[in-house]
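From first to last, the protein sequence lines stand for chains A and B. Counting from 1, position 92 in the first sequence corresponds to residue 117 in this note's numbering; the numbering is continuous, with no gaps. Counting from 1, position 30 in the second sequence corresponds to residue 43 in this note's numbering; the numbering is continuous, with no gaps. Beta carbons: idealized from backbone N, C-alpha and C, even for Gly. Single-structure report; data block below.
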Amino acid sequence: DAGITQSPRHKVTETGTPVTLRCHQTENHRYMYWYRQDPGHGLRLIHYSYGVKDTDKGEVSDGYSVSRSKTEDFLLTLESATSSQTSVYFCAIGGQGAHNEQFFGPGTRLTVL
Amino acid sequence: SQQGEEDPQALSIQEGENATMNCSYKTSINNLQWYRQNSGRGLVHLILIRSNEREKHSGRLRVTLDTSKKSSSLLITASRAADTASYFCATDRSGNQFYFGTGTSLTVIP
Numbered sequence: 026d027a028g029i030t031q032s033p034r035h036k037v038t039e040t041g042t043p044v045t046l047r048c049h050q051t052e053n054h055r056y057m058y059w060y061r062q063d064p065g066h067g068l069r070l071i072h073y074s075y076g077v078k079d080t081d082k083g084e085v086s087d088g089y090s091v092s093r094s095k096t097e098d099f100l101l102t103l104e105s106a107t108s109s110q111t112s113v114y115f116c117a118i119g120g121q122g123a124h125n126e127q128f129f130g131p132g133t134r135l136t137v138l
Numbered sequence: 014s015q016q017g018e019e020d021p022q023a024l025s026i027q028e029g030e031n032a033t034m035n036c037s038y039k040t041s042i043n044n045l046q047w048y049r050q051n052s053g054r055g056l057v058h059l060i061l062i063r064s065n066e067r068e069k070h071s072g073r074l075r076v077t078l079d080t081s082k083k084s085s086s087l088l089i090t091a092s093r094a095a096d097t098a099s100y101f102c103a104t105d106r107s108g109n110q111f112y113f114g115t116g117t118s119l120t121v122i123p
């Protein structure tokens, strides 16, 4: 794996509670991404970042916020978790340059009861 | 809405056979990529084909792209049990956002 970790790896929480997922990279990539993966939907982009404090929305950003105060860390926050946010969340880095490929973290399985 | 759609959704073949999966997309693209995902893991990049390319090879992988039909195919030759995984296509329109299909689940039977 390309120096990208996610924490926690598993989390169970209750509806209405705040949740923060962390993505940490050691590759010094400028671009970082948060996706969610659900059966029948593939991966859908939530938010991405193109630099420290520079973020933008993806196709399913409602109910999520992000922050990037350091190059290596990209945080995804669910301000008030809902059952529809039960999913597997993947962080990715890269996606730019000649090869354009993204490198994915191991994922976080989030269950909202 | 999903940019890419793969078919078939599931494919089961015998070891040694070839596996072909297809991807269709909706709008013009800069490039198209294929990724692989083993159960419970993150995605791993396999191959990229640019919009001005028609075919690309990498080891046992062959990718074709037909921009007029907005479709791509991934061929895995001489499949192995270790090729069992889900395969996703991803398209890059703006250069900043990637759109993944729903995936093809491949099972290679030893």
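Residues bridged to residue i (per DSSP)
| i | result |
| --- | --- |
| A:Ile-71 | Paired residues: none, contrary to the question. |
| B:Ala-95 | Beta-bridge pairing links B:Ala-95 to no other residue. |
| B:Leu-61 | B:Gln-46 |
| B:Leu-24 | B:Leu-119 |
| B:Ser-85 | B:Cys-36, B:Leu-78 |
| A:Arg-134 | A:His-35, A:Val-113 |
| A:Arg-61 | A:Arg-69, A:Tyr-114 |
Opening and closing residue of the beta strand (DSSP E) in which residue i lies
| i | result |
| --- | --- |
| A:Arg-47 | 44-50 |
| A:Asp-98 | 98-103 |
| A:Gln-37 | At residue 37 of chain A the sequence reads Val, which differs from the Gln that was named. Residues 35-38. |
| B:Glu-30 | Looking at the DSSP string, B:Glu-30 is not in any beta strand (DSSP E), and its letter there is neither H nor E. |
| A:Ser-86 | Note, A:Ser-86: premise wrong, no beta strand (DSSP E); not H, not E. |
| B:Glu-68 | 68-71 |
| A:Arg-56 | The residue you asked about is not Arg; residue 56 of chain A is Tyr in the sequence shown. Where A:Tyr-56 is concerned, there is no enclosing beta strand (DSSP E), given that its DSSP letter is neither H nor E. |
Proximal residues to residue i (C-beta, below 7 Å), its chain only, five neighbours per side dropped
| i | result |
| --- | --- |
| A:Thr-30 | His-49, Gly-130 |
As assigned by DSSP and simplified to three states, the class of residue i
| i | result |
| --- | --- |
| A:Ser-109 | helix |
| A:Gly-120 | coil |
Contacts around residue i, its chain only, beta-carbon distance under 8 Å, and the 5 residues preceding and following it disregarded
| i | result |
| --- | --- |
| A:Thr-42 | Ser-105, Ala-106 |
Whole-angstrom distance between residue j and residue i, CA atom to CA atom
| i | j | result |
| --- | --- | --- |
| B:Lys-83 | B:Ser-41 | 8 Å |
| A:Asp-98 | A:Arg-47 | 7 Å |
| A:His-35 | B:Ser-52 | 16 Å |
| B:Arg-63 | B:Tyr-38 | 14 Å |
| A:Lys-95 | A:Val-113 | 24 Å |
Residues of its chain near residue i, where Cβ-Cβ distance is below 6 Å and the 5 sequence neighbours each way are ignored
| i | result |
| --- | --- |
| B:Pro-123 | Glu-28, Ala-94 |
| A:Ser-74 | Met-57, Thr-80, Arg-93, Phe-99 |
| A:Arg-139 | This structure gives no information on residue 139 of chain A, because the portion of chain A shown stretches from 26 to 138. |
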